[in-house]
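Residue numbers (the working numbering): 17 to 257. In this text, a Cβ means the ideal position worked out from N, Cα and C, and glycines have one as well. Being a predicted model, the structure only gives us computed values, none of them experimental. One structure below.
Rendered as structure tokens:
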């Protein structure tokens, strides 16, 4: 009987030992699995942190682009009023010239900064591009330069009339040809100016450009999510150890 009891006790001991070893092995496997999750979460966190720096850089460049756009559109409202007033009252083009040249320079600044935005965004998977912005910038530049040329033409005509007023021979020649002095001068000083539709076309192109800038959205960084995942995985490992 004692031998049977001893054998039973030994069997129970071996079974308990086997179960303990089995539990230890399962715990070890779980620990290894969670450690892999921690390592993966750590790598993901590191990658997200590096990407966050790039995202912040991209978002900063978007902020600057929007500020440039706001400055440009605010100045454009003033310039467009000057252009329209010249159509109605035939005013001096000097003020309009300054404004149009300013728009031309600022659009160059915007175009150059857009390249920085595209460079910053090109390494981000969540960057969706700049849409039709480049095309609308190009169209706006063409309309701006249209007014630059028109203003240059108006200035040349004013210079021509000033010269002709001091050249009696030419005035005499015009009279001999039956031209009325004032009528001739009026025709020469009358510039091949712009019309309201030209100003409106410029306004449309600027509005399209402005809307395209606003459509380039900021990118949200997922650093908090990555940190939460890393913290959760680390906590599970600590519980298993």
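- If you ignore the 5 residues before and after residue 119, its C-beta comes within less than 8 Å of the C-beta of 88, 91, 92, 95, 160, all in its own chain and listed in chain order.
- Taking C-alpha positions only, residue 75 is separated from residue 149 by approximately 17 Å.
- Cβ contact annotation for residue 210 (same chain, cutoff 6 Å, sequence separation greater than five): 166, in chain order.
- Beyond the five residues adjoining it in sequence on each side, residue 226 comes within less than 7 Å, by CB distance, of 85, 89 in the same chain, given in chain order.
- Judged by DSSP in its simplified three-state form, residue 234 adopts coil rather than helix or strand.
- About 5 Å separates the Cβ atoms of residue 132 and residue 77, confirming a contact at the 8 Å cut-off.
- From the listed residues 138, 121, 213, 114, the smallest Cα separation to residue 168 is found for 114.
- Contact annotation: residue 236 and residue 71 have beta-carbon atoms nearer than 9 Å.
- Taking C-beta separations shorter than 6 Å and ignoring five residues to either side along the sequence, the partners of residue 142 in its chain run 235, following chain order.
- The criterion of a C-beta distance shorter than 9 Å is satisfied by residue 146 and residue 228.
- If only uninterrupted beta strand (DSSP E) runs of at least 3 residues are considered, none is enclosed by the region 95-121.
- Excluding residues up to 5 positions away in sequence, 209, 210, 211, 212, 215 lie with their Cβ nearer than 8 Å to the Cβ of residue 103 in the same chain.
- Around residue 99, the same chain offers 112, 163, 210, 215 as residues with beta carbons nearer than 7 Å, after the five sequence neighbours per side are excluded.
- Minimum Cα-Cα distance from residue 82 among the listed residues 109, 154, 123, 97 corresponds to 123.
- Judged by DSSP in its simplified three-state form, residue 159 adopts helix.
- DSSP places residue 143 in the coil class of the three-state scheme, outside both helix and strand.
- By the neighbour-count criterion, in which 16 or more other beta carbons inside 10 Å mark a residue as buried, residue 121 falls on the exposed side.
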